[in-house]
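Engineer: In this note's numbering, the protein residues as written are 203 to 382.
Attaching a single structure in structure tokens format; questions to follow.
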């Protein structure tokens with residue numbers, strides 16, 4: 203993927219934002235001292251909409267890496283400037299442009315949504331409850347989050363079954379062996 207376009211993808215992968223949400227972020231949405239970002243607008247096609255998919259404003263935490271990427275991209279810019287500037291146009295990114303870039307340079311057979319938001323939520327679900335995933339992903343219905351957590355539970359079965367671990371079990375019962 204072209205290096206000059208990586209920061210927006212890194213940030214999206216870290217935060218689990220939708221493509222249209224990450225493109226709509228402005229400097230004023232970042233609360234750097236508290237390491238969080240306000241999701242309050244999105245794109246609908248090429249139009250910037252001052253509301254999100256769920257018609258809510260949500261603060262979400264930024265990971266250390268997401269914070270570093272945001273600080274780097276916000277340098278010497280303020281307010282309503284877009285957080286991520288497309289070096290090809292000198293303006294904010296549009297969702298269609300990111301999707302086109304992904305189609306050219308991304309992993310074949312994997313959509314941008316799957317590589318970023320879906321993968322991030324899947325990662326979160328391995329270490330979080332469905333309620334935590336719901337809040338981080340801003341799902342309106344807990345059942346959406348439960349699907350991710352259920353899939354993570356399937357992975358946990360492989361851990362507890364441990365078919366590849368040497369067993370300490372014996373055919374003999376140690377209690378019966380030591381009985382008088």
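Cβ atoms here follow ideal geometry from the backbone N, Cα and C, with glycine treated the same way.
Who are the near neighbours of residue 283 in its chain, counting only those whose CB is closer than 6 Å to its CB and skipping five residues on each side?
Structural biologist: Sequence index remark: in the chain shown, residue 283 carries index 81 (1-based). Once the five neighbours on either side are set aside, the close Cβ partners of residue 283 are 229.
Engineer: Please report how far the alpha carbon of residue 316 lies from the alpha carbon of residue 323, in whole angstroms.
Structural biologist: On the chain shown, residue 316 is found 114 positions in, with the first residue counted as 1. On the chain shown, residue 323 is found 121 positions in, with the first residue counted as 1. C-alpha separation (whole angstroms): 10 Å.
Engineer: So the alpha helix (DSSP H) residue 215 belongs to, where does it begin and stop?
Structural biologist: For the purposes of this step, residue 215 is taken as residue 13 along the chain shown, with counting starting at 1. Its alpha helix (DSSP H) spans residues 208 to 217.
Engineer: Starting from the Cα of residue 293, find the closest Cα among 279, 257, 349 and 268 and give me that residue.
Structural biologist: By 1-based counting over the chain shown, the position of residue 293 is 91. When each option's Cα is compared against that of residue 293, the closest is 279.
Engineer: Less than 6 Å between C-beta atoms, sequence neighbours within five positions excluded: which residues of the same chain meet that for residue 268?
Structural biologist: Here residue 268 is taken as the residue at index 66 of the chain shown, counted from 1. Excluding residues within five positions, the ones whose Cβ falls inside 6 Å are 213, 216 and 217.
Engineer: Where residue 336 and residue 350 are concerned, what is the direct C-alpha to C-alpha distance, given to the nearest angstrom?
Structural biologist: As a first step, residue 336 must be located in the chain shown, where it is residue number 134. As a first step, residue 350 must be located in the chain shown, where it is residue number 148. Using only the alpha carbons, I get a separation of about 10 Å.
Engineer: State the DSSP-derived secondary structure class of residue 257, mapped to helix, strand or coil.
Structural biologist: For this step, residue 257 is matched to residue 55 along the chain shown. If DSSP states are grouped into helix, strand and coil, residue 257 belongs with coil.
Engineer: State the Cα-Cα distance for the pair residue 275 and residue 288, rounded to the nearest angstrom.
Structural biologist: Looking up residue 275 in the chain shown gives position 73. Looking up residue 288 in the chain shown gives position 86. For residue 275 and residue 288, the distance between alpha carbons rounds to 11 Å.
Engineer: In or out: residue 286 buried (at least 16 other Cβ within 10 Å) or exposed?
Structural biologist: Locating residue 286 in the chain shown gives position 84, where the first residue counts as 1. The residue in question, residue 286, is buried, as its Cβ has 16 or more Cβ neighbours within 10 Å.
Engineer: Hey, could you find the ends of the beta strand (DSSP E) residue 227 is sitting in?
Structural biologist: Against the chain shown, residue 227 aligns to sequence position 25. Premise fails: residue 227 is in no beta strand (DSSP E) and is neither H nor E.
Engineer: Got a sec, what are the start and stop residues for the beta strand (DSSP E) residue 303 sits in?
Structural biologist: Residue 303 sits at position 101 when you count from the first residue of the chain shown. It is not in any beta strand (DSSP E) - residue 303 instead sits in the alpha helix (DSSP H) that spans 297 to 307.
Engineer: Tell me, please, which residues DSSP counts as bridged to residue 233.
Structural biologist: Taking the first residue of the chain shown as position 1, residue 233 is located at position 31. The partner list for residue 233 (beta bridge, DSSP) reads 238.
Engineer: Relative to the alpha-carbon of residue 265, which residue among 251, 297 and 234 has its alpha-carbon at the smallest distance?
Structural biologist: Residue mapping note: residue 265 aligns to position 63 of the chain shown, counting from 1. Residue 265 has its Cα closest to that of 234, out of 251, 297 and 234.
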